[in-house]
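Below: one structure, written as structure tokens.
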Amino acid sequence: NAGVTQTPKFQVLKTGQSMTLQCAQDMNHEYMSWYRQDPGMGLRLIHYSVGAGITDQGEVPNGYNVSRSTTEDFPLRLLSAAPSQTSVYFCASRNTGGYGYTFGSGTRLTVV
Amino acid sequence: DAKTTQPNSMESNEEEPVHLPCNHSTISGTDYIHWYRQLPSQGPEYVIHGLTSNVNNRMASLAIAEDRKSSTLILHRATLRDAAVYYCILRGLSGGSNYKLTFGKGTLLTVNP
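Chains F and E supply the protein sequences, listed in that same order. Taking the numbering used here, the leading residue of the first sequence gets 1, the next gets one more, and so forth. Taking the numbering used here, the leading residue of the second sequence gets 1, the next gets one more, and so forth.
Shown next as structure tokens:
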């Protein structure tokens, strides 16, 4: 099992560009989430999904869109990148009755 | 969401036990206590969780106070690979709190050789 796979690992964007961060899991987990981590801070929840077709906002959703068309994939879209979105982004997944989330290795995004 | 308080940093020597404290005085009766750790340049990793009773697994032990207002993560023999930021997180069972992890700044554990 690959677990949670995030691509790309690194990305540099110009202000105003859009892009999609990919997240895929092969564990048939129902719950998936996106977090961002700024330097010296804990992770903050952006969006989450409790199953295919169901998403909801987290703590810091502005500037990001998500959709969940399959159980495996949960892409995060940046609509118009801003320097304030420079961060490390983590995707996580968990089974319905599971205890702990499995996290990906992260995408380091820089917006210039 | 109920809040947790952890020391900013702790230091330990290799092969010695480490006790990482966490205060959660506003914990509700259905909140589980979860611990994650984040090694340098990696995503967080689930360590252990508990509700009322002390818990053990291959990675660590979790000691929960009788009034549940505090807990301690115990690493029985610290290794250099245990150097990480440790997060104590409360996770509820109802509604949105079941799906969210609220991370604080955690405790940075340094392990000396």
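Quick reminder that beta carbons are idealized off the backbone N, C-alpha and C, glycines included.
Against chain E: residues of the segment 49 to 71 of chain F by CB proximity under 9 Å: For the segment 49 to 71 of chain F, residues whose beta-carbon sits nearer than 9 Å to a beta-carbon of chain E comprise S49, V50, D56, G58, E59.
Proximal residues of chain E, C-beta to C-beta of G104 of chain F below 9 Å: Your numbering for residue 104 of chain F matches position 104 in the first sequence. Those within 9 Å of G104 of chain F in chain E are G43.
Residues of its chain near S94 of chain E, where Cβ-Cβ distance is below 8 Å and the 5 sequence neighbours each way are ignored: Within the second sequence, residue 94 of chain E is the residue found at index 94, counting from 1. Result list for S94 of chain E: T30, in chain order.
Reference K69 of chain E, options E:N56, E:C88, E:R81, E:A78, closest by Cα: Within the second sequence, numbered from 1, the residue matching residue 69 of chain E stands at position 69. Here the closest residue by C-alpha is E:C88.
Nearest-angstrom Cβ-Cβ length linking Y99 of chain F and H24 of chain E, presumed shorter than 8 Å: Here residue 99 of chain F corresponds to residue number 99 of the first sequence, with the count starting at 1. Here residue 24 of chain E corresponds to residue number 24 of the second sequence, with the count starting at 1. In this structure, Y99 of chain F and H24 of chain E do not form a Cβ contact; the two beta carbons are roughly 18 Å apart against a cut-off of 8 Å.
Helix, strand or coil at L93 of chain E according to DSSP, with G and I counted as helix: On the second sequence, residue 93 of chain E is found 93 positions in, with the first residue counted as 1. Of the three classes helix, strand and coil, the one that applies to L93 of chain E here is coil, per DSSP.
Cβ of M19 of chain F within 9 Å of any chain C Cβ: In the structure shown, chain C cannot be found, because the protein chains are F and E.
Members of the segment 86 to 103 of chain F that neighbour chain E once the beta carbon cut-off is set at 7 Å: Residues of the segment 86 to 103 of chain F with a Cβ closer than 7 Å to any Cβ of chain E, in chain order: F90, Y99, G100, Y101, F103.
Interface positions of the segment 50 to 79 of chain E facing chain F (Cβ-Cβ less than 9 Å), listed along the chain: Taken residue by residue, none of the segment 50 to 79 of chain E has a beta-carbon sitting less than 9 Å from a beta-carbon on chain F.
CB contact check: S33 of chain F to chain E, cutoff 9 Å: Counting from 1 along the first sequence, the entry for residue 33 of chain F is found at position 33. At least one chain E Cβ lies under 9 Å of S33 of chain F.
Beta carbon proximity, L36 of chain E to chain F, threshold 9 Å: Along the second sequence, read from residue 1 onward, the residue named residue 36 of chain E stands at position 36. For the sequence presented, residue 36 of chain E should be read as Tyr rather than Leu. Taking Cβ atoms only, chain F reaches closer than 9 Å to Y36 of chain E, which makes this a yes.
CB of A63 of chain E within 9 Å of CB of N54 of chain E, strictly: Looking up residue 63 of chain E in the second sequence gives position 63. Looking up residue 54 of chain E in the second sequence gives position 54. In this structure, N54 of chain E lies closer than 9 Å to A63 of chain E by Cβ.
Test: G44 of chain F CB closer than 9 Å to a CB of chain E: Taking the first sequence and counting its residues from 1, the one referred to as residue 44 of chain F is at position 44. Just to set this straight, residue 44 of chain F is Arg in the shown sequence, not Gly. Contact with chain E is found for R44 of chain F, since one of that chain's Cβ atoms lies less than 9 Å from the residue's Cβ.
is_contact[V18 of chain E, chain F] using C-beta, thresh 9 Å: As a position in the second sequence, residue 18 of chain E is number 18, starting the count at 1. No, because no Cβ of chain F sits closer than 9 Å to the Cβ of V18 of chain E.
Contacting residues, own chain, Cβ-Cβ under 6 Å from Y31 of chain F (five flanking each side not counted): The count along the first sequence starts at 1 and reaches residue 31 of chain F at position 31. Cβ contact annotation for Y31 of chain F (same chain, cutoff 6 Å, sequence separation greater than five): V50, R94, in chain order.
Residue of F:S80, F:S84, F:P75, F:A82 minimising C-alpha distance to A92 of chain F: Within the first sequence, the letter at position 92 stands for residue 92 of chain F. The shortest C-alpha separation from A92 of chain F is found at F:P75.
With 16 other Cβ atoms within 10 Å as the buried cut-off, status of L45 of chain F: Along the first sequence, one-based indexing puts residue 45 of chain F at 45. Here L45 of chain F is buried. Its C-beta has 16 or more other C-beta atoms within 10 Å.
C-alpha gap between N98 of chain E and P61 of chain F, whole angstroms: By one-based count along the second sequence, residue 98 of chain E stands at place 98. By one-based count along the first sequence, residue 61 of chain F stands at place 61. The straight-line gap from Cα to Cα measures roughly 18 Å.
Straight-line Cα distance separating H29 of chain F from T96 of chain F: The residue labelled residue 96 of chain F in the question sits at position 96 within the first sequence. The residue labelled residue 29 of chain F in the question sits at position 29 within the first sequence. Each residue's alpha carbon lies about 7 Å from the other.
Among E:Q42, E:S71, E:E15, E:Y86, nearest to Y36 of chain E - alpha-carbon criterion: Here residue 36 of chain E refers to the residue found at position 36 when the second sequence is read from its first residue. Closest option to Y36 of chain E, Cα to Cα, is E:Y86.
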